[in-house]
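In our numbering, the protein residues as written are 1422 to 1550.
Step one of this worksheet: look at the structure below.
So, in structure tokens, the structure goes:
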């Protein structure tokens, strides 16, 4: 007779749902409450479901991906503007500096939230069961 073991199977976590929920700056577990208490300051715990968020390790990934996104948005637009309108260089500098900051500030918290959601879905860095 073999001893019976009870192994609890961890609940399935949808990676894409967690990434999209995090991109929306919401808790990847419940999808209701914001994961931020300030612009990029992640809450210690979700106020809705109590998920411990302080264990995440997004580190340098959000700025890296944000730079990647900003470059892929700004460069084609700058080339298009130069090709069809050819404004003076100071107009390029003014427009694309402001546009770069706007895209970066919009993208950074969303990318960080998506990475936190991804980490939660894969049970990484303190998001184990």
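Ideal Cβ positions, reconstructed from N, Cα and C, are used throughout, including at glycine.
Item                                                                                                                                                          : Value
With respect to the alpha helix (DSSP H) encompassing residue 1508, which residues constitute its N-terminal and C-terminal limits?                           : No alpha helix (DSSP H) holds residue 1508; DSSP gives it neither H nor E.
How is the alpha helix (DSSP H) around residue 1438 delimited, first residue to last?                                                                         : 1436-1444
Identify the residues that DSSP records as bridge partners of residue 1473: which are they?                                                                   : 1466
Helix, strand or coil for residue 1528? Go by DSSP, reduced to three states.                                                                                  : helix
So, are the CB atoms of residue 1483 and residue 1532 less than 9 Å apart?                                                                                    : yes
Under 8 Å Cβ to Cβ from residue 1447, same chain only, skipping five residues before and after it: list those, please.                                        : 1453, 1454, 1455, 1456 and 1534
Let me check one thing: in DSSP terms, what residues is residue 1485 bridge-paired to?                                                                        : Residue 1485 pairs with nothing; no bridge assigned.
If you draw a straight line from the C-alpha of residue 1487 to the C-alpha of residue 1529, how long is it?                                                  : 6 Å
Cα-Cα, which of 1467, 1495 and 1550 is closest to residue 1522?                                                                                               : 1495
Decide if the segment 1436-1450 is in contact with the segment 1463-1483; the criterion is three or more beta carbon pairs, one per stretch, under 8 Å apart. : yes
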